[in-house]
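Asker: Counting in my numbering, the sequence shown runs from 31 upward without gaps.
Don't be surprised by glycine CBs; every beta carbon is placed ideally from N, CA and C.
All figures in this text were calculated on a predicted structure; none of them were measured in a lab.
Sharing a structure below in structure tokens format, with a few things to ask.
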Amino acid sequence: MPTLMGCIADDFTGATDLAGLLARSGIKVSLRIGVPETAPVDTAAFEVIALKSRTAPVAEAVADTRAALDWLKTAGATRFFWKYCSTFDSTAEGNIGPVAEALMQELGTDQTIYCPAFPENGRSIFMGNLFVGQQPLAESPMKDHPLTPMRDSNLMRLLAPQVTRPVGLADRLTVAKGAEALRDKLAALKADGVAHVVVDAVADEDLGIIADACRDMVLMTGGSAVAMPLPQLYIADGLLAADADGVTAPHLAADTVLLSGSCSVMTRAQVAAYQSTGAPSFRLDPLALAKDGPGAALDWLAAQNLKTKPLIYATADPAEVKAAQEQLGVAKAGALVEDVLAACATAARDKGARRFVVAGGETSGAVTKALGVTQLTIGAEIAPGVPWTFCQSGGHDIALTLKSGNFGAETFFADALINLETT
Ligand code: ADP
């Protein structure tokens, strides 16, 4: 079956999140890191392309998105989804609005919706204002984000300077009346020339109504959650077969390595919980890495039996991270850790590891790059937003899970390994 929906995400973990939610339907979802260099062959019903465009210059973000769109069209996609962060991370220039307008122009459509709501994760929209938990966006920690500080909570006001055509709102009162009322509202706004419609959603039921009303739109935009009902709707519409292309995990050797470069509160608890199971672990110290290089870590790894599922981690508490950053600089400390974890990933693969658990968004980027992974098929979900993925590295089938920051429960590492055994 050719691709039905093509999705473009503005960063890698956002793409994984979207792919995981779509895959809950059991329909095959494939994730590509960057625009593939080769023409599409054997594509999945849902294709997600992860770009790195959230904070790129506008022209670059638009050009990359156009290239992704061309590839997805060639794959056969007839519906498209532009995925950005559920906190609408953007600057006064973009990139959410300019990318959406470029996609609308390429697809010849006059209207799209904007719905970053993700109620399960505390992101809701009411009267066009975005809330993070109980706080308006501009009062949440996002107000101090280093790259995209969000100083206004009103999505219409945020979007208007980013686009050339009129912005409007379909509010919760309309959404609560159901899909038909929402479709009528969108049509009325279109008749008034409104191209960009922010749509309120405070609960999962709202997202179901929005997806239902917008299922025939050539382009939808939003966070991952509003896309989640689409596979079932497309099955109901006869566009997909219910049992289309389900994913079966390949048979893989049990040799495993766990790599953690995240220092988030949850990852620290996860590392401690995994160590308490008695699994072997090796701690990376950026100061020692700067002085002595990665040899000690690689030697330790070489001496391990990978069936014992060893963990290599740089995960540390804020005081240790600060001490390393003060001596080495933030970027150098981060790069030293990422480089050694990437080197450990390839060394483990060459030693026979076929199952990889990776913690940390940037760390995941470094590890997938080192493993030469460009395409991942989404498997079972371990925790909300964190699926197993199956891919190829160095000519071998491998299973890889990539967990960013605070995702997963305290037992995530053990949960992941058990989940792979049982699916
Ligand atoms: P998260 O998803 O939790 O944000 P990331 O991998 O994206 O995790 O970011 C963590 C960053 O911190 C990486 O660049 C990593 O290399 C760096 N890092 C990890 N451990 C340390 C440490 N002990 N000292 C300094 N920097 C570290």
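Which of the three DSSP states, helix, strand or coil, is assigned to R213?
Answerer: helix
Asker: Do P417 and I408 have their C-beta atoms within less than 8 Å of each other?
Answerer: yes
Asker: Which whole runs of the alpha helix (DSSP H) in the stretch 316 to 393 are 4 residues long or more, in chain order?
Answerer: 316 to 322, 325 to 332, 348 to 358, 360 to 380
Asker: With a threshold of 16 other CB atoms inside 10 Å of the CB of V71, please say whether the residue is buried or exposed.
Answerer: exposed
Asker: Considering only heavy atoms of ligand 1, does any lie closer than 7 Å to the CB of Q305?
Answerer: no
Asker: Should V197 go down as buried or exposed, given a rule of 16 or more other Cβ atoms within 10 Å for buried?
Answerer: buried
Asker: With a cut-off of 8 Å, do at least 3 Cβ pairs link the stretch 277 to 297 to the stretch 435 to 445?
Answerer: Taking 8 Å as the limit for Cβ pairs, the verdict is that the stretch 435 to 445 does touch the stretch 277 to 297.
Asker: Please name the residue or residues paired with W418 in a DSSP beta bridge.
Answerer: Residue pairing by DSSP places W418 opposite T431 in a beta bridge.
Asker: Tell me where the beta strand (DSSP E) around L249 begins and ends.
Answerer: 249 to 252
Asker: Given the structure, does T117 come close to ligand 3, in the sense that its CB is under 7 Å from one of the ligand's heavy atoms?
Answerer: By its list of ligands, the structure shown excludes ligand 3, since it contains just ligand 1.
Asker: What alpha helix (DSSP H) runs, 4 residues minimum, are completely inside the stretch 98 to 168?
Answerer: 126 to 137
Asker: Please report the distance separating the alpha-carbon of I126 from that of A190.
Answerer: 11 Å
Asker: What residue from Y144, V193, P324 has the CA that sits closest to L366's CA?
Answerer: P324
Asker: Within its chain, find whatever has a CB closer than 8 Å to the CB of P179; leave out the 5 residues flanking it on each side and keep chain order.
Answerer: Within the same chain, M172, K173 come within 8 Å of P179 by CB-CB distance, once the 5 residues on both sides are set aside.
Asker: Flag E440 as yes when its Cβ comes closer than 7 Å to any non-hydrogen atom of ligand 1, and as no otherwise.
Answerer: no
Asker: Could you say if the stretch 50 to 64 and the stretch 73 to 84 meet the contact criterion of at least three C-beta pairs nearer than 8 Å?
Answerer: yes
Asker: Given that a residue counts as buried once 16 or more other Cβ atoms are within 10 Å of its Cβ, and exposed if not, what is H8?
Answerer: With the chain represented from 31 up to 453, any question about residue 8 goes unanswered, as that position is not in the structure.
Asker: Three-state secondary structure (DSSP) at T286?
Answerer: Of the three classes helix, strand and coil, the one that applies to T286 here is strand, per DSSP.
Asker: Measuring straight from C-alpha to C-alpha, what distance separates L314 and Q334?
Answerer: 16 Å
Asker: For L328 versus P340, is the C-beta distance shorter than 8 Å?
Answerer: no
Asker: Count the C-beta pairs between the stretch 92 to 110 and the stretch 217 to 235 that are closer than 8 Å, then say yes if the count reaches three, no if not.
Answerer: In short, these stretches do not touch, since the Cβ pair count stays below three.
Asker: Quick check: the stretch 128 to 136 against the stretch 198 to 211, are there 3 or more CB pairs under 8 Å?
Answerer: Too few Cβ pairs lie closer than 8 Å, so no.
Asker: DSSP three-state call for A80: helix, strand or coil?
Answerer: strand
Asker: May I have the straight-line CA-CA distance separating Q355 from F386, to the nearest angstrom?
Answerer: 28 Å
Asker: Do you know how far the Cα of K321 is from the Cα of L51?
Answerer: 43 Å
Asker: Keeping to the same chain, check which residues put their C-beta closer than 7 Å to that of F156; ignore five residues upstream and five downstream.
Answerer: The residues are R202, D230, V232.
Asker: Is it buried or exposed for I38, if we count other Cβ within 10 angstroms and need 16 for buried?
Answerer: Its Cβ being crowded by 16 or more others within 10 Å, I38 is buried.
Asker: For the stretch 241 to 256 and the stretch 390 to 410, state whether three or more C-beta atom pairs, one from each stretch, are separated by less than 8 Å.
Answerer: no
Asker: Classify K215 as buried or exposed, calling it buried when 16 or more other Cβ atoms lie within 10 Å of its own Cβ.
Answerer: K215 is buried by the Cβ-count criterion.
Asker: Which ranges would you report for the beta strand (DSSP E) in the stretch 41 to 94 if only whole runs of at least 3 residues count?
Answerer: 59 to 63, 76 to 80
Asker: Smallest Cα separation from S170: which of E150, A132, S116?
Answerer: Minimum Cα distance to S170 is reached at S116.
Asker: Excluding the five sequence neighbours on either side, which residues of its own chain have a C-beta within less than 6 Å of the C-beta of A373, listed in chain order?
Answerer: Excluding residues within five positions, the ones whose Cβ falls inside 6 Å are P324.
Asker: Measuring CA to CA, which of S183, V224, A363, L177 is closest to A200?
Answerer: V224
Asker: Please classify N449: does DSSP put it in a helix, a strand, or coil?
Answerer: helix
Asker: Return the chain-ordered list of same chain residues with a C-beta closer than 6 Å to the C-beta of A49, the five sequence neighbours on each side being excluded.
Answerer: V59, L61, V78, I408
Asker: Within its chain, find whatever has a CB closer than 7 Å to the CB of L401; leave out the 5 residues flanking it on each side and keep chain order.
Answerer: A375, T376, R379, S423
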